[in-house]
Each structure stands twice: as structure tokens, then as C-alpha cells.
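Structural data, given as C-alpha cells:
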């Protein structure tokens, strides 16, 4: 059985392979579409991701939690995944048809492709949660990375297919590809002899699952709002070109949270498992927070040193505002990265309500700052407001952690322990 540290490193390696392919795809799409069109494209994907999040109702988090605790069989979790996917997609289709019938919304162009993207993303989310909680980090990393590489091949800028694919055709291909990982994950689970079963557990067993799912859902909605509600505010007050610059700067700033995000997929089931075994994980959480802080700081300083000259070369001359937005967002994003272990710790101990309280207060701070600053300072005001919200989120989580586990901020910044990271006893 792998050690805590070895499992984290394995998960990190395969997730970074996926993120590298996603970053390459994002840069080439932005370069091809330009600031204005890429802003509209990525806002569409952001909105679709929000729909997927709502439809998932936190089931993916509950899958990871209960599979790590061995409280529900993988076949039961597979039943829940497919069953809820069918129910939620049917409800979405009925809601869409009713809104069109009563003229609440107009018929959406290429609505079939949008539904295909939502369905594929939803099933992929559930099945990948099962695979991750089984300790298999390799399969999701390879599959999602391969999907991005194939999408790179279909880009109209590819000289092999130059001019043969229009922008709309590529958008449809992109949306359709959401089903590719879902199909692969289903086959992988099949190869592991994990099939849907025809037995339905008693509600007494399913009730804790859905209760945890709904708590996680509330947090997930709030976390997405913390990261992305500024997109809608910028879209309302600013031009498409400014929106495109802001979205790319936000994506770039997420490199600071790259390591925490990559490790969280592995860290959550590990913490759940060790809490279940009554092992002390608090010291590991503080050490990881320090590791994340200094890795984020290193990335932030490195990008800041060269970004002014590099960003226009990578993204094109329509993205000249990325650098100042990146600088303004960086302090908040750095502390958001440092908050990851505390957030995961509370979730792993089934204390999601602490995460919910902290993030609700942080969103309030962010919105107040944005509505004051954006009308006057445009996208730069949005960056300042978001940074303030992220910082407040970290402060809240640290406050709650300190109530039961004495720790000082200086413990997180203990550089000596960070330098000796390979000697940390995980």
C-alpha cells in the first residue's frame, strides 16, 4: 500500500499532465479567436460548467467520501451516477422546453450540442470521482489529457486541416468531445468488474450519502461563485475584449493554485481514510499549507518577472491587459492556494458547514468590493475585489482551524520545514 506522500505525488504527476494539455489548448484557442471572441467562448463554457455543477448536486463529492470510507459498494455508486444523470438531464430538457414554450427564453442555437456537452461532463464528473476514490490517478490524467490533445488536432489553425473547419464547427466538435472521457471511464470501470447492479440499498444507507452530497453541493456552488461571479460582473460593465483579457488573466492566475488543485483530487480521499482510521492529520494539513504557499509564491514571482513581455507573444496583441490584472489578482490567489488543505480537512471530517460559512462571507466581501470598484476602475477594480475576497476566505478557514488546533500563521511560513519537504513524515 502506498504511503500518504507517495499517493499525493502520483496524483500530482497525472493531474499535471492533464493540466499541461489544457493550458496548451486554452492558449491556442485564445490566440486563434482573439480577446473578444475567446471571451464569449469561455463565458459560454463557464455557464455550461455552472449548469453541470447544479445538476450534479454534490454527488461527485459524496462518491469520493463514501467510497474512501468503504460505506457503499462501487456498483451502488455507479447506479447512483447513471440514475441521477438520467433524471437530472430529463429535468433539464423539460425545463428548457417549458421556458421556450412560454417564451421565457428563445430557442438556443445548436442546443443539441450544448446538451451533449452537459451530459458528457456530468457523467464524466461522476465516473472520474469513482476512479479517483479507488486510488487510480493515472486513468483520468491520461484520458482527459488525450481529449485535449485531440481537440488541439481539430483546431482550424492546424495546417493539416486548414480552412476545412469553421469556428462554429470547431465549437460543436469541442462540445461533443465532453462524452469521450465518459465513455473511456465507463469501459475502465467495466474492466475492473464494476458494473451497475439491480439492487437498491435501503434509504437508511442512502440518506447520509445524499445529505453529504447536498452539503458539498452548497459549498461547490459557493466556491464557483467565489471564483467566477466576477466574470458576470465584468461581462455586464465591460467590453468583450476586456472580458477576454480578464478571463485569460484569471486562468493564468490559477497556475498559482495549480499544485493545490492537482493534489486535492488525491488529498480528499486520503484525509477521509486517515480520519476514519483515527490517524492525526492536522500537522500534515499545516505542512501542506506551507508547501502550497511557497510553491504559489515561486510561481507568482516567476510569472510576474517575465509576464509583461511574454503574455502578448503567447496570446496575441489583443491581450495587452493580462499582465496588470494578473498582478492585482495574485495576492488573493496565493492565499486561496494556501487555503486548500484547510478546506479539504474540514470536508474530510464532514465539517462542510465551516467551509460554507467561510466562503459565504468571502463572497459578500468580493461582491461589495466589485460593485464599488468595477464601475469606476473597470477590470482592474474587479481584480482588486476578487483578491480581497480570496484573502478573507483564507483568514476565515484559518480562524476556524485555530479554534481546535493551535497554529500560528508563522507555522505555515516556516521555511525550514518547507526546504526539508522530502523529510516530512506523511
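Residue numbers (our numbering): 11 to 436. Every residue, glycine too, gets a C-beta built ideally from N, C-alpha and C. Values in this document were obtained by computation on a predicted structure and should not be read as measured data.
Straight-line gap, residue i to residue j (C-alpha atoms, nearest Å)
i, j, result
"residue 375", "residue 399", "5 Å"
"residue 34", "residue 389", "25 Å"
"residue 418", "residue 231", "30 Å"
"residue 182", "residue 61", "18 Å"
"residue 163", "residue 324", "19 Å"
"residue 27", "residue 151", "6 Å"
"residue 365", "residue 353", "6 Å"
"residue 395", "residue 359", "31 Å"
"residue 85", "residue 72", "14 Å"
"residue 79", "residue 146", "16 Å"
Host alpha helix (DSSP H) of residue i (start-end)
i, result
"residue 244", "213-247"
"residue 350", "332-358"
"residue 182", "177-186"
"residue 393", "362-414"
"residue 92", "84-111"
"residue 329", "That residue, residue 329, is in no alpha helix (DSSP H); it is neither H nor E in DSSP."
"residue 128", "121-143"
"residue 197", "189-201"
"residue 157", "148-163"
Residue environment, residue i, which counts as buried when at least 16 other CB atoms sit within 10 Å
i, result
"residue 297", "buried"
"residue 397", "buried"
"residue 3", "There is simply no residue 3 to check, as the chain begins at 11 and stops at 436 in what is shown."
"residue 121", "exposed"
"residue 74", "buried"
"residue 94", "buried"
"residue 10", "Only positions 11 to 436 of the chain appear in the structure, and residue 10 is not among them; the question remains open."
"residue 437", "Outside the modelled stretch of the chain, which goes from 11 to 436, sits residue 437, for which no answer is possible."
"residue 316", "exposed"
"residue 159", "exposed"
"residue 356", "buried"
"residue 97", "exposed"
"residue 267", "buried"
"residue 294", "buried"
"residue 209", "exposed"
"residue 414", "exposed"
"residue 320", "exposed"
"residue 378", "exposed"
"residue 381", "exposed"
"residue 191", "buried"
For residue j and residue i, believed in contact at Cβ under 8 Å, the rounded distance
i, j, result
"residue 195", "residue 153", "7 Å"
"residue 89", "residue 206", "5 Å"
"residue 384", "residue 243", "6 Å"
"residue 335", "residue 372", "Contact flag wrong, Cβ pair sits at about 20 Å."
"residue 135", "residue 66", "6 Å"
"residue 140", "residue 197", "Contact flag wrong, Cβ pair sits at about 13 Å."
"residue 253", "residue 332", "12 Å between Cβ atoms; not a contact."
"residue 329", "residue 255", "6 Å"
"residue 265", "residue 309", "6 Å"
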